[in-house]
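What follows is the structure, given as structure tokens:
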């Protein structure tokens, strides 16, 4: 993924910081920013803006797999739509993550002030102008505050 502009970079950093702080307190997995690409089961290399892998799944990888593009789909992914991103492309990417094993995905759409929530075997849920988003089933007690992001 190419570098982002300043405003998108600030928002991405905020998302990753909130996710990292939650994970630091819970110790349930590993947090990754957009500089990490994952090799999905379908062979595609993808680098979500923020992602999280459950610790048991991460620890099952070999040291060599961890050093390269890890051959795993994150359990949780976030994509942040910038002003130049096409929504349909991001929606297809979110569905690809779910189809390859992601248990939860959030597409944060700044342009339309909404968050799309992706889960396996469920319709996409759309939140209009939420102040935060959470999901206790995959990320216990994590709440992403959207002030300054959305």
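In our numbering, the protein residues as written are 36 to 185. Positions of the beta carbon are idealized from the N, C-alpha and C atoms, including for glycine.
Identity of the residue in the options nearest residue i by Cα
i           : options               : result
residue 179 : 63, 49 and 118        : 49
residue 186 : 158, 101, 58 and 127  : This structure cannot settle anything about residue 186, because the visible part of the chain is limited to 36 through 185.
residue 54  : 43, 66 and 75         : 66
residue 63  : 77, 111 and 76        : 111
residue 185 : 158, 89, 78 and 148   : 148
residue 164 : 151, 171 and 155      : 151
residue 46  : 109, 118 and 132      : 118
residue 160 : 140, 181, 72 and 145  : 140
residue 173 : 131, 87 and 108       : 87
residue 89  : 154, 132 and 109      : 109
residue 92  : 107, 82 and 80        : 107
residue 113 : 135, 82, 134 and 103  : 82
residue 43  : 145, 182, 171 and 105 : 145
residue 61  : 157, 171 and 39       : 171
Coarse secondary structure for residue i, derived from DSSP in three states
i           : result
residue 171 : coil
residue 182 : coil
residue 49  : helix
residue 140 : strand
residue 54  : helix
residue 64  : strand
residue 150 : strand
residue 133 : helix
Nearest-angstrom Cβ-Cβ length linking residue i and residue j, presumed shorter than 8 Å
i           : j           : result
residue 69  : residue 84  : 5 Å
residue 116 : residue 142 : 7 Å
Proximity test, Cβ basis, 7 Å: residue i and chain C
i           : result
residue 150 : Among the chains in the structure shown there is no chain C, since it carries only a single protein chain.
Length at least 3, wholly inside the stretch 72-131: the beta strand (DSSP E) runs in chain order: 85-89 and 111-116
At least 3 beta-carbon pairs within less than 8 Å: the stretch 97-106 vs the stretch 127-143: no
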